[in-house]
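Protein chains in written order, with numbering that gives the first Met the number 0: chain A, 0 to 331; chain B, 0 to 331.
Every residue, glycine too, gets a C-beta built ideally from N, C-alpha and C.
Treat the numbers as computed from the prediction; the structure is a model and nothing was measured.
Here's the structure, in structure tokens; my notes come after.
There are 2 protein chains.
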Amino acid sequence: MIQTILLKNRPAGKPKLSDFEFKKEDKNLTIKDGELLLETLYVSVDPYLRGRMRDAKSYVEPFELNKPINSGVIAKVLESKNDKFEKGDHVSGMLDWKTQQISNGKGLHKVDSSKADLSAYLGILGMTGLTAYFGLTEIGKPKEGETLVISGAAGAVGSVVGQIGKIKGLRVVGIAGTDEKVEMLKTKFGFDAGINYNTTEDMKAAINEAAPNGVDVYFDNVGGEISDAVLFNINKFARTVNCGAIAVYNETETPKSISVRPFLIKNSASMQGFIVSNFEEKFPEGINQLSKWLAEEKLTYSETIVEGFENIPQAFIDLFDGKNKGKMVVKV
Amino acid sequence: MIQTILLKNRPAGKPKLSDFEFKKEDKNLTIKDGELLLETLYVSVDPYLRGRMRDAKSYVEPFELNKPINSGVIAKVLESKNDKFEKGDHVSGMLDWKTQQISNGKGLHKVDSSKADLSAYLGILGMTGLTAYFGLTEIGKPKEGETLVISGAAGAVGSVVGQIGKIKGLRVVGIAGTDEKVEMLKTKFGFDAGINYNTTEDMKAAINEAAPNGVDVYFDNVGGEISDAVLFNINKFARTVNCGAIAVYNETETPKSISVRPFLIKNSASMQGFIVSNFEEKFPEGINQLSKWLAEEKLTYSETIVEGFENIPQAFIDLFDGKNKGKMVVKV
Numbered sequence: 000m001i002q003t004i005l006l007k008n009r010p011a012g013k014p015k016l017s018d019f020e021f022k023k024e025d026k027n028l029t030i031k032d033g034e035l036l037l038e039t040l041y042v043s044v045d046p047y048l049r050g051r052m053r054d055a056k057s058y059v060e061p062f063e064l065n066k067p068i069n070s071g072v073i074a075k076v077l078e079s080k081n082d083k084f085e086k087g088d089h090v091s092g093m094l095d096w097k098t099q100q101i102s103n104g105k106g107l108h109k110v111d112s113s114k115a116d117l118s119a120y121l122g123i124l125g126m127t128g129l130t131a132y133f134g135l136t137e138i139g140k141p142k143e144g145e146t147l148v149i150s151g152a153a154g155a156v157g158s159v160v161g162q163i164g165k166i167k168g169l170r171v172v173g174i175a176g177t178d179e180k181v182e183m184l185k186t187k188f189g190f191d192a193g194i195n196y197n198t199t200e201d202m203k204a205a206i207n208e209a210a211p212n213g214v215d216v217y218f219d220n221v222g223g224e225i226s227d228a229v230l231f232n233i234n235k236f237a238r239t240v241n242c243g244a245i246a247v248y249n250e251t252e253t254p255k256s257i258s259v260r261p262f263l264i265k266n267s268a269s270m271q272g273f274i275v276s277n278f279e280e281k282f283p284e285g286i287n288q289l290s291k292w293l294a295e296e297k298l299t300y301s302e303t304i305v306e307g308f309e310n311i312p313q314a315f316i317d318l319f320d321g322k323n324k325g326k327m328v329v330k331v
Numbered sequence: 000m001i002q003t004i005l006l007k008n009r010p011a012g013k014p015k016l017s018d019f020e021f022k023k024e025d026k027n028l029t030i031k032d033g034e035l036l037l038e039t040l041y042v043s044v045d046p047y048l049r050g051r052m053r054d055a056k057s058y059v060e061p062f063e064l065n066k067p068i069n070s071g072v073i074a075k076v077l078e079s080k081n082d083k084f085e086k087g088d089h090v091s092g093m094l095d096w097k098t099q100q101i102s103n104g105k106g107l108h109k110v111d112s113s114k115a116d117l118s119a120y121l122g123i124l125g126m127t128g129l130t131a132y133f134g135l136t137e138i139g140k141p142k143e144g145e146t147l148v149i150s151g152a153a154g155a156v157g158s159v160v161g162q163i164g165k166i167k168g169l170r171v172v173g174i175a176g177t178d179e180k181v182e183m184l185k186t187k188f189g190f191d192a193g194i195n196y197n198t199t200e201d202m203k204a205a206i207n208e209a210a211p212n213g214v215d216v217y218f219d220n221v222g223g224e225i226s227d228a229v230l231f232n233i234n235k236f237a238r239t240v241n242c243g244a245i246a247v248y249n250e251t252e253t254p255k256s257i258s259v260r261p262f263l264i265k266n267s268a269s270m271q272g273f274i275v276s277n278f279e280e281k282f283p284e285g286i287n288q289l290s291k292w293l294a295e296e297k298l299t300y301s302e303t304i305v306e307g308f309e310n311i312p313q314a315f316i317d318l319f320d321g322k323n324k325g326k327m328v329v330k331v
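Structure follows, in structure tokens:
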């Protein structure tokens, strides 16, 4: 039996289980020349998918209603009539939320289960690791001795950004939502300081204390008020990397914040958004560097693995309550 | 008799005449070796001076209370005991709002009254021209065929930015506050389209109409709601040059706007603030290029010249009501 998850409604505010629909079909899939039959092993759930559930112009096409949702998936090749892949291969790619599906192989890459756990290819060696790597190095342009502040620091991207920051010789300050996460930033990921935004009254002052020389690079995974507080502490020529705005993704009205413009002007500072695919040509370089650091044990990662295909929607919803530590992955 | 203008109060909101104080002294200034006696001919009044009247960290030191204000000035050398300057020379520099003053020559540059009107050295061949030139070329990075939108387009900086945009082969759209200014953008400065924000109900739609291919470069002289409306029309990889935020300089609370972050993320777009002195090393290149375009009649400029030293404070205040066309200069 093949299961599929469809987008039933465009969520208003925070996504609900009722925005998703499960379809079960009792059929056998048959492949033609050039095609592959794939069995889904791991599914990546990511905050940016919320944007694709909206019916609005964005960097990727919106999901269609009553069609399968897709995201990063690790699958096993059950049958192949495609020269590039063999039965038993593991592949990674953007695939539908289906337990089995047919692919023409386009956009799929083989992954090596002997080098790392398969789920790592959705995280540290996949889009999240590459997002951290290129966002920080290409946009943040970190220099030794500078101070890097990261919001959503205990998340999949944030925890990698901080570790790369340490490798590059920066002071690294992470902002997260529980004491446990803040502790993990310091003990597991080697951050210099951490701030729990849920228990801190004056974020502006707390950032000032944790970044006494001011903020040179701000890797922003959340947007919203936390990011406003960081602005008061930026240095001349500070760079903000706008990676995510999870704090405002679920807002139904255009969200407001303090005006960033006077801060940018008086500090000759910049803000830049990006999507990891802007750096697609450099992906091999990125994966190579991340694998090397991983092998040298300079990088470590967290993942939250939820079991069961039927739990994909809930795992996605839980992202917005910060229930994950590191990359959130569903094992099918 | 020597007159001086002092900062009496830090303005709350829009500056008032009572925030300034005039001092008159009946004395003769005597210079020592290395010094110059200067007579002020033209004084530049600029929106950024509002920021220096605040008691807050910024890119330049705040003005001190009960001390003279300073800004860009063109002066004539009345006497010289400095090898670099002779009696009768015209110089430009950051000088006090005084009818006469002594200088050690530091930071002063000779200007050539045979090549351009003296007031031009406070405008098109001074900080405003250089601000337009470096802001657009170094931060906006305009490419032929792209669309450039400029707010405060009829202002000193904006009108030069638009003309450079045309020289570089872009579609240029200007936003200004009166029909007369909009007309001038098109007839005098060669803009492709203009929008009067005071008579336009739906700025978002008006920008969409004037920039049918979307906005690639936004040169922002105003901040505030106009800039928010532009955000809805930016293209992938759009660059915003944050040059000024006159719309919010007078606000007493930290100003709010829509959150720019989701727009930057979904368009891989950037915003960058700057101050012209960041490019100080390249000033000769900039002045050279601007002079060349001026001589070739590819550039023209507007200036509003107010007469009388005693009218400097009012001329400054009038900037915030948009009473100037182009560079606002006071002829002493």
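In chain A, which residues lie less than 9 Å from residue i when you measure between Cβ atoms?
i                : result
Lys140 (chain B) : Simply none; closest approach about 13 Å.
Ser256 (chain B) : Lys255, Ser256, Ile257, Ser258, Val259 and Arg260
Rounded to whole angstroms, what is the Cα-Cα separation between residue i and residue j?
i                : j                : result
Arg238 (chain A) : Val148 (chain A) : 11 Å
Val216 (chain B) : Ala210 (chain B) : 11 Å
Asn277 (chain B) : Asp95 (chain B)  : 23 Å
Lys80 (chain A)  : Glu309 (chain A) : 30 Å
Pro312 (chain A) : Gly12 (chain A)  : 15 Å
Asp54 (chain A)  : Val42 (chain A)  : 23 Å
Ile30 (chain A)  : Ile1 (chain A)   : 15 Å
Ala119 (chain B) : Thr299 (chain B) : 11 Å
Val305 (chain B) : Val44 (chain B)  : 10 Å
Lys140 (chain B) : Leu293 (chain B) : 21 Å
Ala204 (chain B) : Ala268 (chain A) : 30 Å
Leu48 (chain B)  : Thr136 (chain B) : 24 Å
Ala131 (chain A) : Gly125 (chain A) : 10 Å
Ile345 (chain A) : Asn8 (chain B)   : With chain A covering 0 to 331 only, the question about residue 345 (chain A) has no answer from this structure.
Leu230 (chain B) : Pro14 (chain B)  : 30 Å
With burial defined as no fewer than 16 other Cβ atoms inside 10 Å of the residue's Cβ, what is the status of residue i: buried or exposed?
i                : result
Asp25 (chain A)  : exposed
Glu60 (chain A)  : exposed
Ser226 (chain A) : buried
Met52 (chain B)  : buried
Ala155 (chain B) : buried
Glu302 (chain A) : buried
Met270 (chain B) : buried
Asp219 (chain A) : buried
Leu16 (chain A)  : exposed
Asn197 (chain A) : exposed
Asn266 (chain B) : buried
Report all residues from its chain with a CB closer than 6 Å to the CB of residue i; omit the five preceding and five following residues, and keep chain order.
i                : result
Lys185 (chain B) : Gly193
Val181 (chain A) : Ala175, Gly193 and Asn195
Leu77 (chain B)  : Leu36 and Glu38
Thr3 (chain B)   : Lys22, Pro67 and Lys97
Gly173 (chain A) : Ile149, Ala152, Gly161, Leu184, Phe190 and Gly193
Thr146 (chain B) : Arg170, Ala210, Asn212, Val214 and Asp215
Thr127 (chain A) : Ala155, Val156 and Lys326
Lys165 (chain B) : Val171 and Gly189
Gln100 (chain B) : Leu37
List the residues of chain B that residue i touches, going by C-beta distances under 9 Å, in chain order.
i                : result
Gly50 (chain A)  : Pro261, Ile264 and Lys265
Ile174 (chain A) : Within chain B, no residue comes near Ile174 (chain A); the closest Cβ sits about 15 Å away, beyond 9 Å.
Run through chain A and tell me which residues come within less than 8 Å of residue i, C-beta to C-beta.
i                : result
Asn241 (chain B) : Arg260, Leu263 and Ile264
List, in chain order, every chain B residue whose beta-carbon is nearer than 7 Å to that of residue i.
i                : result
Asn277 (chain A) : Ser267
Ile274 (chain A) : Ser267
Excluding the 5 residues preceding and the 5 following residue i in the sequence, name in chain order all residues of the same chain whose CB lies nearer than 8 Å to its CB.
i                : result
Phe84 (chain A)  : Leu35, Val76, Val90, Gly104, Leu107 and Lys109
Ser112 (chain A) : His89
Leu129 (chain A) : Val275, Phe278, Phe282, Gly285, Ile286 and Leu289
Leu117 (chain A) : Leu40, Tyr41, Ile73, His89 and Val110
Please list, in chain order, the chain A residues whose beta carbon lies closer than 7 Å to that of residue i.
i                : result
Gln271 (chain B) : Leu263 and Ser269
With distance defined between alpha-carbon atoms, name the residue in the options nearest to residue i.
i                : options                                  : result
Ile264 (chain A) : A:Phe315, A:Lys235, A:Phe190 and A:Lys7  : A:Lys235
Leu6 (chain A)   : A:Ile304, A:Lys203, A:Glu63 and A:Gly50  : A:Glu63
Pro261 (chain A) : B:Met202, B:Thr198, B:Phe19 and B:Asn241 : B:Asn241
Ser102 (chain B) : B:Asp32, B:Gly168 and B:Tyr132           : B:Asp32
Glu179 (chain B) : B:Val329, B:Gly321, B:Pro10 and B:Val331 : B:Gly321
What do you reckon, is the C-beta of residue i under 8 Å from a heavy atom of the ligand PLP?
i               : result
Lys23 (chain B) : Looking at this structure, you won't find the ligand PLP or any other ligand, since it has none at all.
Quick one, which residues of the segment 204-230 of chain B are near chain E if we go by CB-CB under 8 Å, in chain order?
-> You won't find chain E in this structure, because its protein chains are A and B.
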